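My numbering applies: residue 287 is where the sequence shown begins, and numbers increase by one.
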Amino acid sequence: MNKRARDLFYLGILLSTVICNYIGLVDFFSLPFVNAREAQPIFVNFVKRVRVDVGYQVILAGNRGYVSNNDGITIIDLENPKEAHKIGFVEEDTNGFDVHNELLFRTEQSGLVIYNVSSPNNPLSIGFANTNRAAYNTKLNDSLVFTALYNGQMDVYNVSDLENPEFISTYFGSGRGLDLAVCGTTIYYADPDQGLEVINVTDPSDPHRIRTVSNTYGAWDLYRNNELLYLGCHGLGLKVLDISDPTNPTVINQFNDGGEIYGVCGNDSYLFLGDLQEGLEVLTYSNSSYLSEIASYEATPHDIAFNDNYIYLADQDRGFLVLELSREEKNNSNYYYLFFLIIPIIGITWVGYYLVNRKRNQ
């Protein structure tokens, strides 16, 4: 190999490295170092997309997923998440809803409606309470239903008689009510304008506020795990609260991703954040004292649910997504990176030899 050809060969390697770095393919070289830092890295793999309208809220119940959109609630069979498919639909405008067994509790402009969805292709309305108030979110707890209203109020219903649900009372707050979490006789009420409100419902006919937790402005979505409450704050990240004293939650940690957290869920090992700007973020934590992002997936989620290593997104752009949490990256492999790294090197080197030989023959 003459000097010019050798120089062109080295130039080809350099240019290939620059190009691969630009398009993100030199991650091949970083894989051994990733494994050195984390013996078993976590990956989020795409599994299935179910085409529905814009997804807003997702709830899992049994082997089904329920996702709300602009036209109603789509019922999805998740017995085999890899083959997720539509099996039913509840029509009409839908705001907040909750599901227990095969009963669906939803709020619409006229009030609370209860459906029997044992036959998902033929949901039956079995009970109705007229309040003329739509809610953003709905939670069932024993025989009580709590609804977070857009005006910052909360309605309470008794549904012990499913065919004749009874409106009991209203909590008069301010701002906007976006989510609820129930802990015994205490309600945690997410209001982005006021923060996290703590409401006593020992007497359901007389709910009253105990306090508003400081440093929780932007409160949007709630996930409770034993004595910890995880609060997604719009534009202000994730807050971790100690609720060992249910009436006096205390912020003990936070994670600020700088985006817009719309949904929070998890288990004893991981937290999942559905962020409209940042996508899906997977965090690991130890006794809530250390939060670290270990994986992500590009999406536009409004809500998120998790069960048995599968993540379910109600997505703004793609409707309903099924993802899998895995120790193995299925969409990309070392061979994939190696292939796209070698091809540019071979191509540029071949061009170099061609130019040298062409000049030599002239």
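Note that CB positions come from ideal geometry on N, CA and C, so glycine has one too. Just so you know, these numbers come straight off a predicted model, no measurement behind them.
Buried/exposed call for residue i, threshold 16 Cβ in 10 Å
{"i": "N501", "result": "exposed"}
{"i": "F592", "result": "buried"}
{"i": "L609", "result": "buried"}
{"i": "N355", "result": "buried"}
{"i": "N542", "result": "exposed"}
{"i": "D531", "result": "exposed"}
{"i": "D447", "result": "exposed"}
{"i": "K368", "result": "exposed"}
{"i": "D428", "result": "exposed"}
{"i": "N423", "result": "buried"}
{"i": "K334", "result": "buried"}
{"i": "I538", "result": "exposed"}
Residue i to residue j span [Cα, whole Å]
{"i": "A476", "j": "P493", "result": "16 Å"}
{"i": "V336", "j": "D489", "result": "42 Å"}
{"i": "G605", "j": "N595", "result": "20 Å"}
{"i": "Y576", "j": "L557", "result": "12 Å"}
{"i": "D561", "j": "V550", "result": "9 Å"}
{"i": "D603", "j": "S405", "result": "29 Å"}
{"i": "Y342", "j": "I454", "result": "28 Å"}
{"i": "G545", "j": "L559", "result": "10 Å"}
{"i": "L389", "j": "E584", "result": "33 Å"}
{"i": "N450", "j": "V399", "result": "10 Å"}
{"i": "G651", "j": "E614", "result": "The question about residue 651 has no answer here: the residues shown for the chain are numbered 287 through 648."}
{"i": "C469", "j": "R495", "result": "14 Å"}
{"i": "S396", "j": "Q540", "result": "39 Å"}
{"i": "G438", "j": "D363", "result": "34 Å"}
{"i": "D479", "j": "V445", "result": "30 Å"}
{"i": "I373", "j": "V403", "result": "11 Å"}
{"i": "V338", "j": "L410", "result": "21 Å"}
{"i": "N407", "j": "F383", "result": "18 Å"}
{"i": "R239", "j": "Y571", "result": "Only positions 287 to 648 of the chain appear in this structure, which leaves residue 239 out of reach."}
{"i": "P535", "j": "I473", "result": "11 Å"}
First and last residue of the uninterrupted beta strand (DSSP E) at residue i
{"i": "I328", "result": "Neither: I328 is in no beta strand (DSSP E) and is coded neither H nor E."}
{"i": "E377", "result": "H371 to E377"}
{"i": "L561", "result": "What sits at residue 561 in the sequence shown is Asp, not Leu. Looking at the DSSP string, the run of the beta strand (DSSP E) that includes D561 is Y556 to D561."}
{"i": "H520", "result": "First-last for H520: undefined, no H or E at that position."}
{"i": "N416", "result": "L410 to N416"}
{"i": "D363", "result": "G358 to D363"}
{"i": "D465", "result": "D465 to C469"}
{"i": "A347", "result": "V344 to A347"}
{"i": "T456", "result": "E452 to Y457"}
{"i": "T502", "result": "First-last for T502: undefined, no H or E at that position."}
{"i": "S582", "result": "L577 to Y583"}
{"i": "S460", "result": "Premise fails: S460 is in no beta strand (DSSP E) and is neither H nor E."}
{"i": "G565", "result": "G565 to Y571"}
{"i": "E610", "result": "G605 to S612"}
{"i": "V353", "result": "R350 to S354"}
For residue i: DSSP bridge partner residues
{"i": "R392", "result": "F383 and V399"}
{"i": "D528", "result": "L514 and T536"}
{"i": "K425", "result": "F432"}
{"i": "P478", "result": "Note: P478 sits in no beta bridge, so no partner."}
{"i": "S446", "result": "S446 pairs with nothing; no bridge assigned."}
{"i": "D589", "result": "A600"}
{"i": "V550", "result": "L559"}
{"i": "I473", "result": "V468 and I485"}
Candidates the options: closest to residue i by CA position
{"i": "N553", "options": "N512, V499, S446 and L346", "result": "N512"}
{"i": "F375", "options": "Y583, I454 and T360", "result": "T360"}
{"i": "L517", "options": "N534, R350, L466 and L566", "result": "L466"}
{"i": "A434", "options": "S612, W506, D543 and V330", "result": "W506"}
{"i": "E378", "options": "E394, K368, D384 and A370", "result": "E394"}
{"i": "G565", "options": "V442, L607 and I538", "result": "L607"}
{"i": "I345", "options": "L599, C469 and F332", "result": "L599"}
{"i": "H520", "options": "D601, L508, D528 and Y548", "result": "Y548"}
{"i": "P327", "options": "D589, L569 and L514", "result": "L569"}
{"i": "G481", "options": "G470, C469 and G461", "result": "G461"}
{"i": "G358", "options": "I597, I412 and R392", "result": "R392"}
{"i": "N387", "options": "R350, L514 and L430", "result": "R350"}
{"i": "L524", "options": "E579, A420, T380 and I485", "result": "E579"}
{"i": "I590", "options": "Y352, V338, D339 and G348", "result": "Y352"}
{"i": "H588", "options": "I485, Y474, D601 and L464", "result": "D601"}
Chain C contact for residue i (CB, 8 Å cutoff)
{"i": "G523", "result": "Protein chains in the displayed structure number just one, and chain C is not present."}
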